[in-house]
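S.K.: All residue numbers for the sequence shown refer to the numbering used here, where the first residue is 1 and numbers rise by one. Beta carbons: idealized from backbone N, C-alpha and C, even for Gly. Keep in mind that this is a model prediction, so the values were computed, not measured. Before we start, here is the structure in question, set down as structure tokens.
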Amino acid sequence: MSRDRALLERALDRGEQDGGNVEFKERLSRDVHLEGGRRESLAAQLRHRLLSGDGEATYVVGVTDDGGLAGVDPDTFSETMDVLSLLAEEADAHIEDVQTWGINDGLVGVAQVREGGVLETDDEHVVVGTAGHVDHGKSTLVGSLVTGKPDDGDGATRAFLDVQPHEVERGLSADLSYAVYGFDEAGPVRVRNPNRKADRADVVQEADRLVSFVDTVGHEPWLRTTIRGLVGQKLDYGLLVVAADDGPTRTTREHLGVLLATDLPTIVAITKTDTVDEDRIEDVEREVERLLREVGKSPLRVSRHGVDAAVEEISERVVPIVETSAITMDGLETLDELFDRLPKTSRDTGEFRMYVDRSYSVTGVGAVASGTVMSGEVEAGDELLIGPMSDGRFQEVEVRSIEMHYHRVDKAQAGRIVGIALKGIKESAIERGMVLLPRDSDPEPVREFEAEVMVLNHPTRIGEGYEPVVHLETIGEAAAFYPENGRLLPGDTGETTVRFKFRPYLVEEGQKFVFREGRSKGVGTVTDVSPME
């Protein structure tokens, strides 16, 4: 017997022992189980299972009534999960987790259903992007915030955010990570164990206000990923960390430059204050203040002026500074109070739009596109377009379901970081930088656009044919520059034509972007677009 089969058999054995809160189903279909009185009857059955299981029920799908392993094809399994989700909604419950096994060329799944409806989205969801040099403690600080647990000095809380095995081994983050905690009337609602999907989902369900972190990358080779995290997400605030034992570095300045390019209100956290004396902390704060003033910002020490002043004055110009230690937990209560009180800044009620940051495939569900909802809202069942494909075409898809931090939601509004399961497309056809739009949209793919750019750093002049990587929303693509005056020098601001080298994207007037090639960097704003013919 295979390991997977053995795990399934144990799940079935537990189900038989639990009795009253376990239900066996071979399949559920919309045209049979949601028609007439069947829907009400099955919802009542689910409520009984939940009552028997103290608010939890287990549905084993792809098995006969007596528990025999039958297996169903992936499309049938996906439809069964959709029907079960609707039944759960009727019973004021939600599907919390699904595990699947391959049986007889089909699937058998165990779905855990829990009492409590799906999260209704609202405006109380703040999204924060972190930035800062490698080893300055971004992930560790976020890990301590979301768990309320001090670090052990070796980055134990950082492991809650690192998502790849090699990252945990090396102690470096190589991709974007996501974390969440929240607040209710009693104070912070923290995650007991961020590595458990159910614990993160509980926070989403229980908190009145959510704070999501997009934890970026501090190591120089992955600066491109950091830019994607700060430019490609619909962030409300930036959190720039500077270690007290190291002070501001070249990477600190680069990340601050990216934050400035996005006009993002930012907080600076001085980390690792437990490792140095008071004089060193004072010196680093002065360095940070000088750096901020050099770029036209006004620093505000929260220890001196208070949280009220920080909440009232934080803006594109005023930058609060907080002293912290993830080991002693000093300063974390201050950050808690800030994140509990800071207003959401990125509200948008326009037409739905989401640029794809990641894609993956889930057994029994299919292709999933993940990203931040940039505007409008999306609901399960919505018909959308995704694209452009390499030939400029947009493809029709349907929203199967939506998840946020492993919690299934019925809809998602601007600012939400979500995974959207899509019907009508294979995961292999989805690429980062594509966009999801309503089906009745008339998007025009763009290969070339005009922009006003500022060169922040370049060893020589920028001439015609200069090819940096352009980071716009979640797009990260090589592009050729053709300056209006033939060249651009460091510190210059000027007009240029920008042409993507390999394929078209959806680009619109007013969008901001960052460009980078080696140590050369600059920022820009799209001023006009040239749709593909």
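Pull up the distance between the alpha-carbon of M434 and that of T266, whole angstroms please.
M.R.: Within the sequence shown, residue 434 is the residue found at index 434, counting from 1. Within the sequence shown, residue 266 is the residue found at index 266, counting from 1. One C-alpha to the other measures close to 28 Å.
S.K.: Under 8 Å, with one C-beta from each stretch per pair, do the stretch 320–328 and the stretch 431–446 reach the 3-pair mark?
M.R.: no
S.K.: Which of helix, strand or coil does DSSP assign to A88?
M.R.: Taking the sequence shown and counting its residues from 1, the one referred to as residue 88 is at position 88. It is helical.
S.K.: Between V146 and R114, how many whole angstroms is the CB-CB distance? I'm expecting something under 8 Å.
M.R.: Against the sequence shown, residue 146 aligns to sequence position 146. Against the sequence shown, residue 114 aligns to sequence position 114. Between R114 and V146 the Cβ distance is about 21 Å, and since that is not below 8 Å, they are no contact.
S.K.: Does the beta-carbon distance from S78 to G366 come in below 9 Å?
M.R.: Here the question's residue 78 lines up with position 78 in the sequence shown. Here the question's residue 366 lines up with position 366 in the sequence shown. A contact, by the Cβ cut-off of 9 Å.
S.K.: Runs of 3 residues minimum, wholly inside the stretch 454–523: which ones carry the beta strand (DSSP E) assignment?
M.R.: 469–472, 475–483, 493–500 and 512–517
S.K.: At a cut of 8 Å, does the stretch 198–214 reach the stretch 252–260 through at least three beta carbon pairs?
M.R.: The answer is no - the stretch 252–260 does not touch the stretch 198–214, with fewer than three Cβ pairs under 8 Å.
S.K.: Given that a residue counts as buried once 16 or more other Cβ atoms are within 10 Å of its Cβ, and exposed if not, what is K501?
M.R.: Along the sequence shown, read from residue 1 onward, the residue named residue 501 stands at position 501. The residue is exposed, with fewer than 16 neighbouring Cβ atoms inside 10 Å.
S.K.: With DSSP run on the structure shown, which of helix, strand or coil describes V108?
M.R.: On the sequence shown, residue 108 is found 108 positions in, with the first residue counted as 1. Residue state, collapsed to three classes: strand.
S.K.: What would DSSP say about V134, mapped onto helix, strand or coil?
M.R.: One-based indexing of the sequence shown puts residue 134 at position 134. The answer is coil: DSSP assigns V134 none of H, G, I, E or B.
S.K.: If G62 sits next to G102, beta carbons under 8 Å apart, how far is it from one beta carbon to the other, in whole angstroms?
M.R.: Your numbering for residue 62 matches position 62 in the sequence shown. Your numbering for residue 102 matches position 102 in the sequence shown. So it is not a contact: roughly 10 Å between Cβ atoms.
S.K.: Using 9 Å as the threshold, is the C-beta distance between P468 and F515 below it?
M.R.: Walking along the sequence shown from the start, residue 468 turns up at place 468. Walking along the sequence shown from the start, residue 515 turns up at place 515. Contact flag set, yes.
S.K.: Just the C-alpha distance for R487 and V268, rounded to the nearest angstrom, thanks.
M.R.: Against the sequence shown, residue 487 aligns to sequence position 487. Against the sequence shown, residue 268 aligns to sequence position 268. Between R487 and V268, the C-alpha separation is close to 36 Å.
S.K.: What residue from L472, G68 and P299 has the CA that sits closest to F24's CA?
M.R.: Position 24 of the sequence shown holds residue 24. The residue with the shortest Cα to Cα distance from F24 is G68.
S.K.: Can you check whether the CB of L300 is closer than 9 Å to the CB of E313?
M.R.: Indexing the sequence shown from 1 puts residue 313 at position 313. Indexing the sequence shown from 1 puts residue 300 at position 300. It is a contact, given that the beta carbons lie within the stated cut-off.
S.K.: Assign E312 to one of three DSSP states: helix, strand, or coil.
M.R.: On the sequence shown, residue 312 is found 312 positions in, with the first residue counted as 1. Three-state DSSP puts E312 in a helix.
S.K.: Looking at the structure shown, is G433 part of a helix, part of a strand, or coil, going by DSSP?
M.R.: Position 433 of the sequence shown, counted from the start, is the residue given in the question as residue 433. Looking at G433 - three-state DSSP - the assignment turns out to be coil, as it is neither helix nor strand.
S.K.: What's the C-alpha gap between L50 and Y360?
M.R.: Along the sequence shown, one-based indexing puts residue 50 at 50. Along the sequence shown, one-based indexing puts residue 360 at 360. Rounded to whole angstroms, L50 to Y360 spans 31 Å at the Cα level.
S.K.: Starting from F339, trace the alpha helix (DSSP H) both ways and give me its first and last residue.
M.R.: Counting from one through the sequence shown, the residue named residue 339 turns up at place 339. F339 -> alpha helix (DSSP H) spans L332 to R341.
S.K.: Need the endpoints of the beta strand (DSSP E) that E96 sits in, please.
M.R.: Within the sequence shown, numbered from 1, the residue matching residue 96 stands at position 96. E96 -> beta strand (DSSP E) spans A93 to I103.
S.K.: Where does G257 fall in DSSP's three states?
M.R.: Here the question's residue 257 lines up with position 257 in the sequence shown. It is helical.
S.K.: CA-CA distance, V311 and R341?
M.R.: The sequence position of residue 311 within the sequence shown is 311, counting from 1. The sequence position of residue 341 within the sequence shown is 341, counting from 1. Spanning the two alpha carbons is a distance of roughly 7 Å.
S.K.: Is the stretch 371–381 touching the stretch 390–403 in the sense that three or more CB pairs, one from each, lie closer than 8 Å?
M.R.: yes
S.K.: Along the chain, where does the beta strand (DSSP E) that runs through S534 open and close?
M.R.: With the chain covering only 1 through 533, there is no way to say anything about residue 534.
S.K.: Are at least three pairs of beta-carbons, each pair with one atom in the stretch 293–307 and one in the stretch 348–357, less than 8 Å apart?
M.R.: no
S.K.: Roughly how many angstroms separate the alpha carbons of L42 and V108, rounded to a whole number?
M.R.: As a working note, residue 42 is residue 42 in the sequence shown. As a working note, residue 108 is residue 108 in the sequence shown. Taking the straight line joining both Cα atoms gives about 20 Å.
S.K.: Ignore the nearest five residues each way along the sequence and tell me which others in Q17's own chain have a CB closer than 8 Å to its CB.
M.R.: As a first step, residue 17 is located in the sequence shown; it is residue number 17 there, counting from the start. Because Q17 carries a pLDDT of 47, less than 50, the predicted location of this residue cannot be relied on, and the following value inherits that uncertainty. Sequence-distant Cβ neighbours of Q17 in its own chain, meaning closer than 8 Å and more than five residues away, do not exist here.
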